[in-house]
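K.L.:
Position 147 of the sequence shown, counting from 1, maps to 147 under the UniProt record's numbering, and the rest follow consecutively. Just so it is clear, CB atoms sit at the ideal spot from N, CA and C, and this is done for glycine as well. Pasting in a structure now, in structure tokens, and then I'll have a few things to ask.
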Amino acid sequence: MPGDYDVEYCSPWAGANYLPVGLPGSAHAEWEKNTWPVLADLAKNDPSAGIHFQRTVINTRDKDSKSTTGQWFSELSRSNPWFKDVVPDFYLLPKEELGPGVAYATSFTSVCINAGVYLPWLVSQCLKNGVVFKRAVFKHIADAASAHHSAKRADLVVNCTGLASRKLGGVEDMKLLPARGQIVLVRNDPGIMTSISGSDDGDDEVCYIMKRAAGGGTILGGTYQKDNWESQPDPSIAVRIMKRCVDLCPDLVGKDENGRQRSIEGLDIIRHSVGLRPLRDGGVRMETETIGDVTVVHNYGHGGFGYQASWGCSAAAVKMIREALGKKGMGMGMGMGRAKL
1 MPGDYDVEYC SPWAGANYLP VGLPGSAHAE WEKNTWPVLA DLAKNDPSAG IHFQRTVINT
61 RDKDSKSTTG QWFSELSRSN PWFKDVVPDF YLLPKEELGP GVAYATSFTS VCINAGVYLP
121 WLVSQCLKNG VVFKRAVFKH IADAASAHHS AKRADLVVNC TGLASRKLGG VEDMKLLPAR
181 GQIVLVRNDP GIMTSISGSD DGDDEVCYIM KRAAGGGTIL GGTYQKDNWE SQPDPSIAVR
241 IMKRCVDLCP DLVGKDENGR QRSIEGLDII RHSVGLRPLR DGGVRMETET IGDVTVVHNY
301 GHGGFGYQAS WGCSAAAVKM IREALGKKGM GMGMGMGRAK L
């Protein structure tokens, strides 16, 4: 729940932003495409959601194409990606604006989300629409069907437990693994959202910078360490993250009174954080399953793209829920026997 902090509950630690990584023609890309209009509308019309527009620059190095982070960024780093017609102001930077080692770079208008504001906002929207929240610990997915606030058994359970689906009884999906992300939160203003396709510090280390909306500070990242469960920040990694970010965006720290470029000592650090992204071999699990006598719609394994695919993925899940309930002669609206979810 918003307000909780645990390394396996990745949402509060996220940037978060909109940098599409789904491959062309995939369901993943469709989810991201369908999420952008909602995030853009919130950024424009509802400041209480904690989202704002931000220009972003994506720098791509040829030598990163085979690395862990390079493969993660493969679609994002293309000079002619599918999402160029989705986001505003997409263009290819001229060569004279490229940094050392950068083969090409693209720019477009993105959004950055202050998770600390956005997550409670989502809860408020649920409450306004009649959702009842309950806290409970389940050893088996089927137990959730008995937790309905009506005291009657639920007709359907939606499983969005993320990395916890690895150990949740009845699911126990061993395709799930963490992708450890370490970040540094600072007060400095970079003036831009920017990232690069890889680093020289390791195959699973990368560099990205984004300023959160609503005074949420600036995120400096990061890592993408597969199958690494370490929950504590690594001081050596933190130093490398800060050095990479200052090298990529010197405006983060500016110059001293003598006109000399400042180093990482110019960063005003708020905290160091670690979150475990719920990565899944084979991609997101979006399917309907009957476990015992319980109909379950699974929706988990979104890795590092949960926010930017959230609204599109949720719409796909709702479609699956309607189909499953329709087979039971139930519905989510007023016209049919209303289901308990």
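Only counting the same chain, and skipping five residues up and downstream in sequence, which positions put a Cβ closer than 6 angstroms to that of V38?
P.N.:
Cβ neighbours of V38 beyond the five flanking positions: W311.
K.L.:
Do I209 and M193 count as a contact pair if the criterion is CB distance below 8 angstroms?
P.N.:
Yes; because the gap between Cβ atoms is below 8 angstroms, this pair is in contact.
K.L.:
I want to know whether the stretch 139 to 146 touches the stretch 263 to 271 - three or more CB-CB distances under 8 angstroms.
P.N.:
Too few Cβ pairs lie closer than 8 angstroms, so no.
K.L.:
From this set, N299, N59, H149, C160, which residue's C-alpha is nearest M1's C-alpha?
P.N.:
The residue with the shortest Cα to Cα distance from M1 is C160.
K.L.:
Based on Cα-Cα distance, which residue from F305, L325, I321, A317 lies nearest to L23?
P.N.:
Answer by Cα proximity: F305.
K.L.:
Grab me the residues of R262's own chain with a C-beta within less than 7 angstroms of its C-beta, minus the 5 sequence neighbours each way, in chain order.
P.N.:
Counting only Cβ-Cβ distances below 7 angstroms, and skipping sequence neighbours, we find V253, G254, K255, D256.
K.L.:
Just to confirm my understanding: we take Y9, look at its own chain, exclude 5 residues before and 5 after, and list those with CB closer than 6 angstroms. What are they?
P.N.:
Nothing listed; no residue qualifies.
K.L.:
Can you check which of these residues, G3, K66, D293, is closest to L156 by C-alpha distance?
P.N.:
Answer by Cα proximity: D293.
K.L.:
Anyone know if the C-beta pair for T60 and A103 falls short of 8 angstroms?
P.N.:
Yes, the pair counts as a contact, with Cβ atoms nearer than the cut-off.
K.L.:
At the level of alpha carbons, what is the spacing between I196 and K63?
P.N.:
Between I196 and K63, the C-alpha separation is close to 12 angstroms.
K.L.:
To test your reading of the DSSP string, which unbroken beta strand (DSSP E) runs of 3 or more residues are found completely within the stretch 126 to 207?
P.N.:
157 to 159, 176 to 186, 193 to 196, all fully within the stretch 126 to 207.
K.L.:
Below 8 angstroms on the Cβ atoms is my guess for I270 versus R187; work out the distance and round it to an integer in Å.
P.N.:
That belief holds up - the Cβ atoms of I270 and R187 are roughly 6 angstroms apart, short of 8 angstroms.
K.L.:
Tell me the DSSP bridge mates of N59?
P.N.:
According to DSSP, N59 bridges with A105, I196.
K.L.:
Would you kindly work out how many angstroms separate the C-alpha atoms of S146 and R153, rounded to a whole number?
P.N.:
So the alpha carbons of these two residues sit roughly 5 angstroms apart.
K.L.:
Using 8 angstroms as the threshold, is the stretch 270 to 279 in touch with the stretch 7 to 21, meaning 3 or more CB pairs across them?
P.N.:
Judged by Cβ distances under 8 angstroms, the stretch 270 to 279 makes contact with the stretch 7 to 21, as three or more pairs qualify.
K.L.:
For L92, which option in V86, S79, F133, G282 has the closest C-alpha, if you only look at C-alpha atoms?
P.N.:
Considering only alpha carbons, the answer is S79.
K.L.:
Report yes or no: do the stretch 201 to 208 and the stretch 27 to 45 share at least 3 C-beta pairs separated by less than 8 angstroms?
P.N.:
Short answer: they don't touch.
K.L.:
Kindly indicate the opening and closing residues of the beta strand (DSSP E) around S273.
P.N.:
Segment 269 to 280, the beta strand (DSSP E) holding S273.
K.L.:
Beta carbon of V111, beta carbon of N17: below 8 angstroms?
P.N.:
Yes, the pair counts as a contact, with Cβ atoms nearer than the cut-off.
K.L.:
Can you say whether D85 is buried or exposed, counting buried as having 16 or more other CB atoms within 10 angstroms of its CB?
P.N.:
That one is exposed.
K.L.:
Three-state secondary structure (DSSP) at N17?
P.N.:
Correct three-state label for N17: strand.
K.L.:
Would you call Q308 buried or exposed, if buried means 16 or more other Cβ atoms sit within 10 Å of its Cβ?
P.N.:
When all chains shown are included, Q308 counts as buried.
K.L.:
Along the alpha helix (DSSP H) that carries N34, what are the first and last residues, could you check?
P.N.:
That run of the alpha helix (DSSP H) goes 27 to 45.
K.L.:
Is it buried or exposed for H302, if we count other Cβ within 10 angstroms and need 16 for buried?
P.N.:
Looking at its Cβ environment, which holds 16 or more other Cβ atoms inside 10 Å, H302 is buried.
K.L.:
If we count the other Cβ atoms within 10 Å of its Cβ and call it buried at 16 or more, is Y5 buried or exposed?
P.N.:
With fewer than 16 Cβ atoms within 10 Å of its Cβ, Y5 is classed as exposed.
K.L.:
Out of R322, W72, G3, state which residue places its alpha-carbon closest to the alpha-carbon of P20.
P.N.:
Among R322, W72, G3, the Cα nearest to that of P20 belongs to W72.
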